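The numbering of the sequence shown is my numbering, which starts it at 2 and goes up by one.
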Amino acid sequence: AFATAPQAPAASAADGFASAFGANPFDTPAAAPGGASAERGLTPAQEQQASAWYRAAVLRGGETPDALPLMDDGTLQVVLKCEFRGSQGRLTVQYRNVAPSAVTNLRVELENPESFLRYEIQAGPPGLAPGASAAQQIMVECMRPCAESPALVFCYTDGLGAVRARARLPVLMASFNEPLTMSAADYETRWAALVQPGQEVIEHLTLAAPPDAARLGAVLSTAMRFGAVAPAQPPFPGDALLLGAATLRTGSLASNGEKINVGCLVKLELASSGAGRLTVRALLPAAARPAAALIKHH
């Protein structure tokens with residue numbers, strides 16, 4: 002898997018910053034309110050752009066064979082490449098200083114909600130000269146179900162003062178799903194077995210009428226990484242029924258020393274009126290609610 006990883010190479014001009022960002026919409030970083038001594042973060046426009054990049058990466062399933070933009074604060078541009086295998090992942094973070102002044106005291110922190118991940122941040126560049134690029138790697142492993150995304154916080158000093166800029170990572174609980182292939186009969190058998198307290202969570206949805214079943218199916222299969230299961234019986238005309246199955250891979254160990262893997266089934270019932278019902282059943286109750294919340298949010 003990703004037990005060891007080579008030191009990340011310095012980024013080069015071919016690393017795709019120009020194609021990732023296009024024209025930089027934030028050429029001039031804003032001065033911090035109250036003077037340069039105040040620590041500053043992203044502007045509202047920069048936060049909006051970072052959120053759009055996050056959503057785009059999530060809908061691609063988190064894995065990014067090509068580096069995708071993560072953050073641009075007018076001084077530091079950051080692109081990200083994600084790779085996942087089982088319970089583990091490797092994130093390659095690439096930086097570029099697009100400002101006329103040097104970046105110093107550069108460090109990255111990882112916000113880790115509910116201790117979702119076990120992680121190791123490898124040594125990165127302490128600073129960047131104007132126009133310079135560099136890269137570092139972060140090794141992660143899913144340790145428990147969690148509905149929230151982690152975030153990277155980039156701390157540094159530039160010509161205007163101290164900066165602390167935050168960007169969410171497109172690393173979800175679903176990033177560590179292994180899609181399952183099964184027949185409708187197998188699905189129904191497993192579904193009927195998951196009836197213990199806490200194993201089922203139901204969420205009611207209000208969607209546009211008629212709901213876009215193709216788009217929602219793509220979210221389940223690509224973003225959430227559930228294997229699609231063909232229903233045994235077709236829904237009523239105009240309605241839709243989406244079924245999926247996956248196994249969540251984690252690095253937490255059971256009492257027998259084996260890694261804990263959690264089977265999860267999803268059923269999304271869509272009415273032509275726009276009403277929807279999402280039902281998630283999971284082998285462990287601790288996984289059912291976060292999985293349902295994650296799917297509903299996206």
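Here a beta-carbon is modelled for each residue, glycine too, at the ideal position from N, C-alpha and C.
None of the values given here were measured: they were computed from a predicted structure.
Next item on the list: Confirm the yes/no value for this check: CB of leucine 195, any heavy atom of the ligand SAH, distance under 8 Å.
Entry: This structure simply doesn't include the ligand SAH, nor any ligand for that matter.
Notebook entry, point to check: Relative to the alpha-carbon of tryptophan 192, which residue among Pro286, Arg282, Asp67 and Cys83 has its alpha-carbon at the smallest distance?
Noted result: The count along the sequence shown starts at 1 and reaches residue 192 at position 191. Here the closest residue by C-alpha is Arg282.
Check: Just checking my contact of serine 116 with methionine 140 at CB under 8 Å: how many whole Å lie between their CB atoms?
Finding: On the sequence shown, position 115 is the one that residue 116 refers to. On the sequence shown, position 139 is the one that residue 140 refers to. With a Cβ gap of about 16 Å, serine 116 and methionine 140 do not count as contacting.
Next item on the list: Would you please state the rounded distance, in angstroms, between the beta carbons of alanine 210 and glycine 228? I believe it to be under 8 Å.
Entry: The residue given as residue 210 occupies position 209 in the sequence shown. The residue given as residue 228 occupies position 227 in the sequence shown. 28 Å between Cβ atoms; not a contact.
Check: Can you pull the DSSP bridge partners for proline 101?
Finding: Counted from its first residue, the sequence shown places residue 101 at position 100. Paired residues: none, contrary to the question.
Check: Excluding five sequence neighbours on each side, which residues of the same chain lie with their C-beta closer than 6 Å to the C-beta of asparagine 113?
Finding: For the purposes of this step, residue 113 is taken as residue 112 along the sequence shown, with counting starting at 1. For asparagine 113, where only same-chain residues beyond five positions count, the Cβ hits under 6 Å are Pro151.
Check: Skipping 5 residues on each side, what residues in its chain have a beta carbon closer than 6 Å to that of serine 43?
Finding: Residue mapping note: residue 43 aligns to position 42 of the sequence shown, counting from 1. Here residue 43 is leucine; the residue named in the question, serine, does not match the sequence. If we look at leucine 43 and ignore the five residues flanking it on each side, its Cβ neighbours are Asp74 and Ala166.
Notebook entry, point to check: Which first and last residues belong to the alpha helix (DSSP H) in which leucine 217 is found?
Noted result: By one-based count along the sequence shown, residue 217 stands at place 216. First-last of the alpha helix (DSSP H) with leucine 217: 214-219.
Note to self: Tell me the rounded alpha-carbon separation between serine 253 and arginine 86.
What the structure shows: For the purposes of this step, residue 253 is identified with residue 252 of the sequence shown, where counting begins at 1. For the purposes of this step, residue 86 is identified with residue 85 of the sequence shown, where counting begins at 1. Rounded to the nearest angstrom, the two C-alpha atoms are 15 Å apart.
Note to self: Rounded to whole angstroms, what is the Cα-Cα separation between alanine 100 and threonine 190?
What the structure shows: Here residue 100 refers to the residue found at position 99 of the sequence shown. Here residue 190 refers to the residue found at position 189 of the sequence shown. When rounded, the distance between both Cα atoms is 59 Å.
Note to self: Just verifying my parser: in three-state terms, what is the DSSP assignment at alanine 148?
What the structure shows: Here residue 148 corresponds to residue number 147 of the sequence shown, with the count starting at 1. Of the three classes helix, strand and coil, the one that applies to alanine 148 here is coil, per DSSP.
Notebook entry, point to check: Within this structure, are the beta carbons of histidine 199 and proline 286 separated by less than 9 Å?
Noted result: Numbered from 1 along the sequence shown, position 198 holds the residue referred to as residue 199. Numbered from 1 along the sequence shown, position 285 holds the residue referred to as residue 286. The sequence given here places glycine at residue 199; histidine does not occur at that position. Yes. Within cutoff.
Next item on the list: With a threshold of 16 other CB atoms inside 10 Å of the CB of alanine 53, please say whether the residue is buried or exposed.
Entry: Here residue 53 refers to the residue found at position 52 when the sequence shown is read from its first residue. So alanine 53 ends up on the exposed side.
Item checked: With 16 other Cβ atoms within 10 Å as the buried cut-off, status of serine 234 -> Indexing the sequence shown from 1 puts residue 234 at position 233. A small fix is needed here, since residue 234 is glutamine in this sequence, not serine. Exposed, since its Cβ has fewer than 16 Cβ neighbours within 10 Å.
Next item on the list: Name the one or two DSSP bridge partners that threonine 93 has.
Entry: Reading the sequence shown from its first residue, position 92 is the one you call residue 93. DSSP output for threonine 93 lists Lys82 and Gln138 as bridge partner(s).
Checklist line | Top-ranked residue by Cα proximity to aspartate 67, from Leu60, Tyr55 and Val80 | finding: Sequence index remark: in the sequence shown, residue 67 carries index 66 (1-based). Comparing Cα positions, the closest option is Val80.
Checklist line | Residue from Ser256, Val267 and Ala224 with nearest C-alpha to leucine 242 | finding: In the sequence shown, residue 242 corresponds to position 241, counting from 1. With distances taken between Cα atoms, leucine 242 lies closest to Val267.
Check: Where does leucine 295 sit, in a helix, a strand or coil, going by DSSP?
Finding: Your numbering for residue 295 matches position 294 in the sequence shown. Note: leucine 295 maps to helix in three-state DSSP.
Checklist line | Beta-carbon separation (whole angstroms), proline 212 vs glycine 277, contact threshold 8 Å | finding: Your numbering for residue 212 matches position 211 in the sequence shown. Your numbering for residue 277 matches position 276 in the sequence shown. Confirmed, about 6 Å.
Note to self: Per the DSSP calculation, asparagine 262 is bridged to which residue(s)?
What the structure shows: Translated into the one-based positions of the sequence shown, residue 262 becomes position 261. Bridge partners of asparagine 262: Arg250.
Notebook entry, point to check: Do threonine 280 and leucine 295 come within 9 Å of each other at the CB atom, strictly closer than that value?
Noted result: To locate residue 295, count along the sequence shown from 1; it is residue 294. To locate residue 280, count along the sequence shown from 1; it is residue 279. For leucine 295 and threonine 280, no; Cβs fall outside 9 Å.
Note to self: Quick check on this structure: which residue in Pro236, Ala136 and Glu204 has the alpha carbon closest to the alpha carbon of glutamine 123?
What the structure shows: The residue you call residue 123 lines up with position 122 of the sequence shown. When only C-alpha atoms are compared, the closest one is Ala136.
Notebook entry, point to check: Ordered along the chain, which non-local residues of its own chain (more than five positions away) have a Cβ less than 7 Å from that of arginine 290?
Noted result: Residue 290 sits at position 289 when you count from the first residue of the sequence shown. The answer, listed in chain order, is Val202.
Next item on the list: State the beta-bridge partners of alanine 168 as determined by DSSP.
Entry: Position 167 of the sequence shown holds residue 168. Bridge partners of alanine 168: Leu153.
Note to self: In the DSSP output, which residue or residues are listed as bridge partners for alanine 163?
What the structure shows: Position 162 of the sequence shown, counted from the first residue, corresponds to residue 163. Thr158.
Checklist line | Proximity winner among Leu249, Gly239 and Glu40, relative to asparagine 178 (alpha-carbon distances) | finding: As a first step, residue 178 is located in the sequence shown; it is residue number 177 there, counting from the start. Asparagine 178 has its Cα closest to that of Leu249, out of Leu249, Gly239 and Glu40.
Checklist line | Cβ shell of alanine 185 (< 8 Å), same chain only, five flanking positions each side left out | finding: Within the sequence shown, numbered from 1, the residue matching residue 185 stands at position 184. Once the five neighbours on either side are set aside, the close Cβ partners of alanine 185 are Val230, Ala231, Pro232, Ala233 and Leu244.
Margin query: What does the Cβ neighbour count give for asparagine 98, buried or exposed, with the cut at 16 atoms within 10 Å?
Written below: Locating residue 98 in the sequence shown gives position 97, where the first residue counts as 1. By the 10 Å Cβ count, asparagine 98 comes out buried.
Next item on the list: On the DSSP bridge assignment, give the partners of leucine 129 in chain order.
Entry: Locating residue 129 in the sequence shown gives position 128, counting from the first residue. For leucine 129, which the question treats as bridged, DSSP gives the partners Val104.
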